[in-house]
């Protein structure tokens, strides 16, 4: 094994699983997710040059993964579930007053709350606008910090902070509506 | 700090992304504000639930490092761009034996959407590709003896309407297929074993200039093109908007059964 291969494996090893987790949301099937990760890593290795005076961080792999997913939008659109949107093309999703009170969630016991969330949280996440979904995905599934997310999205750090807050608020809002609708359903437990 | 200010920072605070001074301010507010403290609790429950669900991934394959390295080495010379498949590819690489066996096998179905570069005939390009494939023991992307399955896989992965004809196994054994890109164009091929030889059948998108260097043969009401290059026979035909080319060291008469039928 060459030094470059060994170094590349050390880079990939800790984020192998997270690359798949994120890929699974960029595309529609588990098989396509494996394809996406494979393509990502092949491209990454082709560009990998540890002799260069630069350090490679995990976020770099997610940058490439997003780039490949964006390319698939053009070449294999039917495989893509979450379309990466260029920051330049994105009209920042505004309209949310970040200082406003949060949507109230129906009162329930802690246990009921957790159970009801478990059934709805993914649906609420999936209903978010792509730009919101992606920023949450990179935080939760990829475990990237805001600076790394900014690198992946090619946008300023402040944009990540703002978008994350709006995304989290939107998620709370969707959950509140979903839980409230359930509460109003005839025959639902109060 | 008041509640409306704290709410602006609460998510970044929980993500540990605030600078220390602001983080202290939010922390102090939460410690003295039951409403905001409650919101933090709720948010923590939501994000734990979401994390648990987003981090569930039963389909994540094991990281097989030796297979991964084989793949890196095998793909090093392949033009990048097309999405690749993992499942059959990893299985093949892991097996290893298939790639090795390919060296002893005859391949019939090679695909290169190669638009020949000026001065280089299609036959030259295809034989180059075939020899490279054999010499490098490159793995197949899909390993299957089922012509329908291989056809479907290649169609889905290359956008080429590839049709692999069923062949009498006594005459040739289908091993599988592989896709690639040349000059950014999608291409694919299938591999057959014929005795101790390999044959590759390549499918590439039709173009006017592709066959100009080859000899046209009209026989029994059908047209095909033939060329010989570095000890290899290249036999081509046009079918359904594609060019199919068979490449092998075997003679023409051994290869003609691998050509897709006219109505295929």
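Chains as they are written, first to last, in this note's numbering: chain A, -3 to 186; chain B, 216 to 479.
All residues carry an ideal CB built from backbone N, CA and C; glycine is no exception.
As the structure is a computational prediction, the values presented were derived from the model and not from experiment.
| Query | Result |
| --- | --- |
| Report yes if the C-beta distance between residue 359 of chain B and residue 365 of chain B is below 9 Å; otherwise report no. | yes |
| Is residue 391 of chain B buried or exposed, if buried means 16 or more other CB atoms sit within 10 Å of its CB? | buried |
| Check the Cβ-Cβ distances between residue 165 of chain A and every residue of chain B, and say whether any is below 9 Å. | yes |
| Spell out whether any CB of chain A is found under 9 Å from the CB atom of residue 314 of chain B. | Note on residue 314 of chain B: pLDDT 42, under 50, position unreliable in the model; the coordinate value appears next. With 9 Å as the cut-off, residue 314 of chain B does not count as an interface residue toward chain A. |
| State the Cα-Cα distance for the pair residue 429 of chain B and residue 466 of chain B, rounded to the nearest angstrom. | 16 Å |
| Going by CA-CA distance only, name the one from B:263, B:422, B:446 that's closest to residue 412 of chain B. | B:446 |
| Tell me the residue span of the alpha helix (DSSP H) that contains residue 148 of chain A. | 142 to 149 |
| Excluding five sequence neighbours on each side, which residues of the same chain lie with their C-beta closer than 8 Å to the C-beta of residue 252 of chain B? | 245, 246 |
| Does the contact criterion of 3 or more C-beta pairs under 8 Å hold for the stretch 404 to 422 of chain B versus the stretch 434 to 441 of chain B? | no |
| Name, going along the chain, the residues of the stretch 10 to 35 of chain A whose beta-carbon falls closer than 8 Å to a beta-carbon of chain B. | 12, 13, 16, 17, 20, 21, 26, 27, 28, 29, 30, 31, 32, 33, 34, 35 |
| Does the Cβ of residue 161 of chain A have 16 or more other Cβ atoms within 10 Å, making it buried, or fewer, making it exposed? | buried |
| Listed from N- to C-terminal order along the chain, which residues in the stretch 263 to 277 of chain B have their beta-carbon within a distance smaller than 7 Å of any beta-carbon of chain A? | 264, 265, 266, 268, 269, 270, 272, 274, 275, 276 |
| Does DSSP put residue 404 of chain B in a helix, a strand or coil? | strand |
| Touching or not, the stretch 63 to 70 of chain A and the stretch 19 to 38 of chain A, by the rule of three or more beta carbon pairs under 8 Å? | yes |
| Answer with buried or exposed for residue 225 of chain B, where buried requires no fewer than 16 other C-beta atoms within 10 angstroms of its C-beta. | buried |
| Taking DSSP as the reference, what is the three-state secondary structure of residue 157 of chain A? | helix |
| Going by DSSP, what residue range makes up the beta strand (DSSP E) through residue 459 of chain B? | 457 to 463 |
| Determine the chain A residues that contact residue 553 of chain B at a beta-carbon separation under 9 Å, and present them in chain order. | Nothing about residue 553 of chain B can be reported from this structure: the residues present for chain B run from 216 to 479 only. |
| Please classify residue 42 of chain A: does DSSP put it in a helix, a strand, or coil? | helix |
| Does DSSP classify residue 236 of chain B as helix, strand or coil? | helix |
| Find the nearest neighbour of residue 357 of chain B within the set B:420, B:346, B:405, judged by alpha-carbon distance. | B:405 |
| Can you check whether the C-beta of residue 128 of chain A is within less than 9 Å of a C-beta belonging to chain C? | Absent here is chain C; the protein component of the structure consists of chains A and B. |
| Starting from residue 451 of chain B, trace the beta strand (DSSP E) both ways and give me its first and last residue. | 447 to 454 |
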